[in-house]
Every structure is written in C-alpha cells, then in structure tokens.
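Encoded as structure tokens, the structure appears first; notes follow it.
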Amino acid sequence: MSDMAIELRGIDKSFGLVHANKNINLTVRKGTIHGIIGENGAGKSTLMSILYGFYQADSGDILVGGNKVTIKDPNAAILSGIGMVHQHFMLVENFTVLENVMLGAEDSQILNTSISKARVELKRLEKEYALEVNPDALIEELPVGLQQRVEILKALYRKADILILDEPTGVLTPPEADHLFRILGQLKDQGKTIIFITHKLREIMAITDEVSVMRRGEMVATRKTKDTSVEELAELMVGRRVLLRVDKGEANPGAVKLAVENLTVRDSRGVTMVDNVSFTLRAGEIVGIAGVAGNGQSELLEAISGIRKAVSGTVLLNGRPIDVTGHADPGDLRSRGLAHVPEDRHHVGLVLKFDEAENGILGYHNDKRYLNGVFLDTKAIQADAEEKIRKYDIRPPNPRLKTANFSGGNQQKIVLAREMERGPDVLIIGQPTRGVDVGAIEFIHKRIIEMRDQGKAVLLVSVELDEIRALSDRIIVMFAGRVVGEREPDATEGELGLLMAGVEGRKEAAE
Amino acid sequence: MSNPYAKLPAWAEYGLIPLVNLVVAFLVAGLVVLLVGENPLKAAYHMINGAFGRGEYIGFTLYYATTFIFTGLSVAVAFHAGLFNIGSEGQAYIGGIGVALACLWLDKTMPWFVVFPLAIVGSAAFGALWAFLPGWLQAKRGSHVVITTIMFNFIASSLMVYLLTRVLKPLGSMAPQTRTFEAGGQLPKLDWLLSVFGLDVGNAPFNVSFLLALLAAFGVWVLIWRTKLGYEMRTMGFSPSAARYAGMKEARITVIVMMISGGLAGLMALNPIMGEQFRMQLDFVQGAGFVGIAVALMGRSHPAGIIPAAILFGMLYQGGAEIAFEMPSISRDMIVIIQGLVILFAGALENMFRPAIGRGFATFGRRFPVAAQRGA
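Those protein sequence lines, which keep their order, are chains G and Y. Here the working numbering is used: the first residue of the first sequence is 662, the next is one more, and so on. Here the working numbering is used: the first residue of the second sequence is 30, the next is one more, and so on.
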C-alpha cells in the first residue's frame, strides 16, 4: 500500500483558448488535511472537478492509493473512495436528512429496507465521527452548518476515504467554522484524507498539514504548513509581495450624512428581510455591517439605494428624505450624492456584455458630459474611460474590451472608479472584495479609506469579518433582519461571531 | 468556467459559424429533396438560378428582401431591449391602413413623392399604435408581450377582414381589397439601380422602398449603438437588474421600444401595397412578420447581419418558387422546410458546432500560441 491518498501527474486541461490547468502535479498524503489555495480563477475548482469526474483532463494521470484510475464521472470518483462537499450544497430541501443521505445509494426499488439499513449506518457514522444530526429533520429546517454536516455524512455513507471540501466556510459564522474544523480534525484522526480548498489564508494556517498554492493554472508551490507563513503564501498566490494589513488613521466623524430610521423591507415572497433597522452614518467614517450572508444586508442596501421598495421607515440623505417606500429613483439619488457599489457586480453593477467604456457610464448616462442631445458622445465616454483606467490601474487598459473578459478584481475596479470618481457624499459598498484577487483587495481597501479621509461617509457591507474589522470605524451586526448590536472595531472576533449567530443578540433584546 | 465555450475570433464568430450552420441546413434540405426522389443538385441550381439568374429574378429577390429587412429590424429592435415581439405580422398588417389611407386620399391629385412621405408616417404610426397596447400592458400590467402580441395578430387579422369587406372595399366590388391606386399611389421601380449593373428589372416589383429599408437599417444601427435610448435598451436587454440599478425607467422604455418596433413593422406595408399591388388586399403580409423573427435571429439582431439574412430569405422565396415551377414533385412547402432548417440550425442549434470549432481553434492555438492570442 502506498501512503499517498492521491497523486496527480501532469494534469492538463483547456477550455478552448483558456488553459485552466497546466501540467499539475500534486501529492496528497494519506490521513492529512491538504489545503489548496489560490486566487479566483487560479484553477482550483477545475482541478477538483477533474478529480471528481465533472471534467476529463486533456492529459495526465490520476492515482488513488497508488493505483492509476480513470474517473469518467462522479460515480467513478465515489467508487474510488472520493467524496466531495460542494460550496453550494447539493441537498433536496424538502427531504429529511436520512432521505438525502441515501439518495442515489438505495439498495433496491423498495425503499423500506434501504431506509432501515441507512438509519443503522447513519447512527454508526454519527457516533464514530461525532456528527450528530437528527436523521428525521427536514433539510430546510436545519441551519447552514448542519446542512454542511449532512453533506459530509453523505460522502462518508458512500464510504469516502478522501473528502474534498470546496470553500466550505463561505456560508458559515465563525463559531460554525470552528466547529467544522474540529470535525475535520476528528475525520483526520480516523484516517480520512481531506482536501480543503479555500482562498482564506487564515483557515489554511489553522487546520492544514500541507498546503499547495495555485496561480494562473499552475501549481506554484507545496509547503508544510508549519514551515510557511501567511505572508509567504500570499506572495506565492499573487506572485508579488502584498500588504495584508490595512493602515488607517483615526476617523474624524462630522455631520450626519445618512440617517436610517425604522426601516422595514420585505422580499418578493413577503418575508421580512429588514426588520425595523435604524442607524446613522456620518461624514468621514466607515460603518461596517457585519452578518452572515442572507440576514438582510442585501435588502438594506437595495432599499437605501432605491432599487427595492421598503415597507415602512424613513431614510434621510443629507437631511432630505429619500422616498424609500414610494418612487425612490436611483438616478435621482446619484445626483443627490449617493453612490452605490452593489454586491453583485455581474448582474447589477455591470453589464458584462458591454465594453469597459459603456459600463463606465452606467447609471450616469443621463449626464450631459456624455451626451450630444439624444446621441451618446462616444469620444467623451472613451476619454472618460481612459482616464479612469489610468487612475485605477484597470488591466488590460483597453476601454473597448468586453467587461466579461476582465478579471474579478478589475471588474470591481471598473465599478469603483465609476462610483468613486464623482466624489459622492455617501458611498454604500456591498462585498467590495468578493471574488477579487489579493492584489486588488489591497488597492480597493486603500481607496475606501481614502474616501473616508476625504470626509465622505462610507457604509460597508461584507460577509468577510476580517474586512469589516480592518476597515470599519464602527461595526453594526445584523441577524435575521435586525440590528443585534453595535461594536467598536477592536471587538474580538468571538464577540462579533456570537452576535452574528444571533446568540448575544437574543440576550441583549431580553434585557 | 462560467462560459464553457471558447472565445472565438470575430471572423469565426460572425462569419464561419453562421456559414457552417447554413451549409448544414442546405445539406439536410438536400437530403429531403433526395427523399422526394429529385436531384438535390438540380434543385440547388434552380434555386440559385431562380433567385439570381436574371435581372428580373434579382429584382424579385430584392423585393422580398425589402419586406424582410423591415420585419427583421422590427424584431431586432425589440430583441435588444429583451422584448420578444411576435406581433410584427399584425403590426405590419395594421400599418397597411396608414398606407392605404394616404394613397386613397391623395393618389389622384399628388405625385408619388408627396404621397410616399405621408404613407411612411401613416404606416409607421398605425404599426406603432398596434404595438403600443401590448407594450403598455407589459409595462403596466406585466402581461407578457409574447402572449399579447400573438393575440394582437389575430385581432389585427379580424379587424382587417372587417375593414376590407365592409369599409375600404369599393361599392359593387366582390374582392376584399381597396380600389387600385392611381399614379400618385404607385412607387417608382428601381430599374436604374439594376441597369447600373447592366441588368433589366423586367416585371419585378423592385421599388424605392428598398432604399427606405436600407435607410431604416442605418437608423436602427444609430438608435441602438449611438443614442442614449439605445444604451438604455441594451442595458435592459442584457440585464434588467442592472437597468434598475442605473435608474432606467423600465416601463417607459418598454412602451417606446415596442412602438419603434411596431413602426418598423408597419413600414413593411409600403412595399407590397405601394410597390407591387397598388391596392391593399386581404392578407398582404403573408407571414413576413414571422420570417422577420428568423431574419433577426440569423442576422444576430445587427442591421449588418439582417440585410444579408433578409436577402437570403428573399432568395429562398424567389428561388423556391422557381424550384416548385421547374420540378413539379417539389411543392412550395419545400421552401418552408428549408426555411425551417435554416431557422433550426442558425437559431435554435446555434451552438451545435461551436464546441467543435472552439476545439479546432484551441488545437491551432496551442501550436501557434502567438497568433491565437492576437486572434482572441
């Protein structure tokens, strides 16, 4: 028996002209947690999809336990003992835990026997790996952390010895993530091998034994975790030195620029997403809204920026009301000094099929400087785009290039350039660095702090707690649509984590 | 990985792929001809010869193409704003009222160049009116334009039957049509244009509305890529959420775009009414509105693609009639089959050959990486 769980030799994969994986070699030792880290688009997901049989490699060999295997589809992967926990769970929401676990692994057409067998097996797995979950609970009623546990159980039920976890902590609160790490530790102690994909350096340092770094489709380095550092890994990922800490001076809060009072917003199904939220935002400060994704932050931003109608409440911009419950017009709000970098740049902030210059005027297309009567002044638009490209170092520096062909970081810079260059009084930013490479994160953070230092009011929403803590002058925590607490930026991660999980909030509300 | 298809150079994207699709469509059509027991090569010869063999044939081909340019543009304009206007047929039909009214009113007293502008305004206005209601219903009530425009086609059809049998028909006539227009209601032929190439237009009704169609194509290009409204339309078409974020008035744009689309469809009525028959007959549109959908699809909703696509369909119409005439075992329905195949391969199965062509480019690209990068 080989002590290698998985060996990849010379894996190569192209999608048309895109060379996603170039001659990848990777060795994962049995009974270890092996991290794979890299920026978005570095080829991590492609590599794992090849290993799990979603794609076929153009060339190269896969060895599992020392034997060469062909993995032509996920079933073949499962038979080789490879299980995968996807970033977006593959669970049937209105099935029970038990039904989900046995789905696709039933013994016969008659379910009863399979169910009782599965129940026994599930109990055994739960006990062996300390993964308690009620087998008869419906998935939709379980919190995200437990749903993820069901995914892990699914893989174990199929006798997986090697578990691939793709960005598993993206949807978890910090306490849930800690719990996941403990589970992974136990699985390792039981002899399982775990491949852990992430772009968060801290997680790599916390739980992995070895770490491999990918950059632009290549495997650039593999290190023992204890012999490396966050700085070295970041440098390997980006290919140059990066500043991970944000330098910023004291805030100098001035007049109230944005006042939100008792704002309530429902989504299209009538579910209350923002529940009676009030806060103020002053000139020269950054207020961060922390919370696990889906706790009303998105709807809050949309209501303030006039995209989504609120049910009740008032919002004052520079002391004048915004008609949030009626006909707030995003275009009008822009001219009143409110700029908005939306969370979803692919569907909201940009039109991916437009070229860079066309996206540079989105939302400002009524501005006289871009128009000749009813005609677009293409020269002015082009010149404007070129200037922003220079100022924000957008690459490649081609205003005629289709926006979809820019990297995530550069797309975000296109949005930021458009929204920041007007010198708005209030800037609201959702997920400024989601899907953005480390190099661009540094640049974006600097710009946000510059805005603050110029006396602008910045409202920041992010699911990255590190980002919130690094940038904010005040932190508001949202849970289930309500503001459950306000903290200084020096609040510990544990304290904020409990608030985000709604624990502390309930206590405070009860007092 | 969000885009599994490789990015191809522009010439392959807009030239090679449509060409491959077209060739396959004709190959399959050839098989059908073979099944009927005829020689596909002979059919192809009659098709090409019938469409381009003589000045007169070319005149007919371009006459049909004129009609399809208008309806193709109509569909394309709506398509850029994310609206699928299936109602060009009905809008063109109703547009005929505008043409007929202008002609019936002034044909005896005014020359064609006075009547023509009025007829242009009339046809566009009536077509736009017929598209306004579905547009308004979509904007204010959320009734889907695909449904409402189809229903409006039927309403238009019934309305025209009523008008042509009761109101616009001259007394004592049995035919459901207006009276024949005098000289002022007849558009001059473009015989001089063909004679530049040494061709004789003969009996073909190739008339000045062809020039209007080319003008409209240029106008549509300006509208979509050079005006603020076009910018808003495209934003809405690509991403309604981005349009909302940018503060664009979705309802207003929907209504305006539908009216422009309907107006372009209405212009189509000039060609058969003032250019060929010199009277408005029952059912003069003859499905051109639906062909417009195929033309817009094939032309990628770009005027520069719509014009050749319209000429291609003009060729199918004219050449197809010739096949039916020369080869009795092939009926006119054959043309419908070929059209269907073109639509199938150029529209519905647009991406069928793309992966293979993409792979070809990738292999080529790996061997000559520099050239490939420049191409991309």
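A virtual CB, placed ideally from N, CA and C, is assigned to each residue, including glycine. This one's a predicted model, so the numbers in the text were calculated from it and none came from an experiment.
### Query
Can you tell me the Cα-Cα spacing of G/M898 and Y/K169, whole angstroms?
About 51 angstroms.
### Query
Alpha carbon to alpha carbon, how far is G/M709 from Y/G124?
Cα to Cα, G/M709 sits roughly 59 angstroms from Y/G124.
### Task
Using a Cβ-Cβ cut-off of 9 angstroms, state whether G/R1061 counts as contacting chain Y.
Interface criterion not met: the Cβ of G/R1061 is under 9 angstroms from no Cβ in chain Y.
#### Entry: Span of the alpha helix (DSSP H) around Y/L91
Here the alpha helix (DSSP H) through Y/L91 covers 84–109.
### Task
Could you confirm whether any beta carbon from chain G is found closer than 9 angstroms to the beta carbon of Y/Y260?
Judged by the 9 angstroms Cβ criterion, Y/Y260 is in contact with chain G.
### Query
Over what stretch of residues does the beta strand (DSSP E) that includes G/P982 continue unbroken?
Annotation for G/P982: the continuous beta strand (DSSP E) segment containing it runs 981–983.
### Query
According to the neighbour-count rule (16 or more other Cβ atoms, all chains shown, within 10 Å of its Cβ), is G/V1173 buried or exposed?
Given a span of 662 to 1172 for chain G in the structure shown, any question on residue 1173 of chain G remains unanswerable.
#### Entry: For Y/T264 and G/V1012, believed in contact at Cβ under 8 angstroms, the rounded distance
Between G/V1012 and Y/T264 a beta carbon distance of about 6 angstroms is seen, short of the 8 angstroms cut, so the two are scored as contacting.
#### Entry: Complete alpha helix (DSSP H) runs within the stretch 299–356 of chain Y (minimum length 4 residues, chain order)
The stretch 299–356 of chain Y contains these whole alpha helix (DSSP H) runs: 317–327, 332–355.
### Query
Can you tell me the Cα-Cα spacing of G/H749 and G/T830, whole angstroms?
Roughly 11 angstroms separates the two Cα atoms.
### Message
Determine whether the beta carbon atoms of Y/V57 and Y/L326 lie at a separation below 9 angstroms.
### Response
Not a contact, by the Cβ cut-off of 9 angstroms.
### Task
Please list the partners that G/V1012 has in chain Y, where partner means a Cβ-to-Cβ separation under 7 angstroms.
The answer, in chain order, is T264, F267, S268, A271.
### Message
Rounded to the nearest angstrom, what separates G/N937 and G/T925 at their Cα positions?
### Response
Their Cα atoms are separated by approximately 5 angstroms.
### Query
Hey, how far is the Cα of Y/F354 from the Cα of G/K733?
Their Cα atoms are separated by approximately 55 angstroms.
#### Entry: Cross-chain neighbours of Y/K257 in chain G, by beta carbon under 8 angstroms
The contacting residues are H1026, N1027, L1032, V1035, F1036, L1037.
### Message
Going by C-alpha to C-alpha distance, which of G/S706, G/A1141, G/R1051 sits closest to G/I825?
### Response
Selected option, being the one with the closest Cα: G/S706.
### Task
Can you give me the start and stop residues for the alpha helix (DSSP H) that Y/V190 sits inside?
Its alpha helix (DSSP H) spans residues 174–191.
### Task
Keeping to the same chain, check which residues put their C-beta closer than 6 angstroms to that of Y/T177; ignore five residues upstream and five downstream.
If we look at Y/T177 and ignore the five residues flanking it on each side, its Cβ neighbours are P163, L166.
#### Entry: Unbroken beta strand (DSSP E) run spanning Y/G127, endpoints
Per DSSP, Y/G127 belongs to no beta strand (DSSP E); it is in the alpha helix (DSSP H), 117–135.
### Message
Distance cutoff 9 angstroms, beta carbons only. Does G/L994 sit that close to anything in chain Y?
### Response
Taking 9 angstroms as the threshold, the shortest C-beta distance from G/L994 to chain Y falls below it.
### Task
Could you check if G/N773 is buried or exposed, using at least 16 other CB atoms within 10 Å of its CB as the buried criterion?
It is exposed - the Cβ of G/N773 has fewer than 16 other Cβ atoms within 10 Å.
#### Entry: Enclosing alpha helix (DSSP H) for G/K918 [first to last residue]
First-last for G/K918: 917–927, but that is the beta strand (DSSP E), not the alpha helix (DSSP H).
### Query
At least one CB of chain G closer than 9 angstroms to the CB of Y/A157: is that the case?
Answer no: the Cβ-Cβ gap between Y/A157 and chain G never drops below 9 angstroms.
### Those residues which DSSP pairs with G/M1139 across a bridge
Beta-bridge pairing links G/M1139 to G/V1144.
### Task
Please compile the residues from chain Y whose C-beta is within a distance smaller than 7 angstroms of the C-beta of G/V1009.
What G/V1009 touches in chain Y: S270, A271, Y274.
#### Entry: Burial state of G/E812, where buried means 16 or more other Cβ atoms lie within 10 Å
That one is buried.
### Task
Look at the alpha carbon of Y/A41 and the alpha carbon of Y/A245, and state the distance between them as a whole number of angstroms.
Straight-line Cα distance between these residues: approximately 27 angstroms.
### Message
Measuring alpha carbon to alpha carbon, tell me which residue in G/E1103, G/G1155, G/I685, G/F1140 is nearest G/L1132.
### Response
For the set G/E1103, G/G1155, G/I685, G/F1140, the Cα lying nearest the Cα of G/L1132 is the one of G/E1103.
### Query
Under the rule that 16 or more other beta-carbon atoms within 10 Å means buried, what is Y/F397, buried or exposed?
With a pLDDT of 47 at Y/F397, under the threshold of 50, the predicted position of this residue should be treated as unreliable, though the coordinate-derived value follows. With fewer than 16 neighbouring CB atoms inside 10 Å of its own CB, Y/F397 falls in the exposed class.
### Query
Do the stretch 849–865 of chain G and the stretch 756–771 of chain G touch if we need at least three Cβ pairs shorter than 8 angstroms?
Here the stretch 849–865 of chain G makes no contact with the stretch 756–771 of chain G; the two share fewer than three CB pairs at distances below 8 angstroms.
### Query
Are the beta-carbon atoms belonging to G/L1157 and G/R1130 less than 9 angstroms from one another?
For the pair G/L1157 and G/R1130, the CB atoms are nearer than the 9 angstroms cut-off.
#### Entry: According to DSSP, residues forming a beta bridge with G/S973
Per the DSSP secondary-structure output, G/S973 pairs in a beta bridge with G/T925.
### Task
Note down, in chain order, each residue of its chain lying with its Cβ closer than 7 angstroms to the Cβ of Y/G343, except the 5 sequence neighbours on either side.
Residues T90, L91, Y93, A94, F97 of the same chain have their beta carbon placed closer than 7 angstroms to that of Y/G343, with the five preceding and five following residues left out of the count.
### Query
Is Y/M277 close to chain G, meaning its C-beta is less than 9 angstroms from at least one C-beta of that chain?
By this cut-off, Y/M277 is an interface position.
### Message
Buried or exposed for G/Q1092, going by 16 or more other Cβ atoms inside 10 Å?
### Response
Buried is the call here.
### Message
Using a 10 Å radius around the Cβ and a threshold of 16 neighbouring Cβ atoms, would you call Y/P18 buried or exposed?
### Response
Chain Y is shown from 30 up to 405; residue 18 of chain Y falls before or after that span and cannot be answered.
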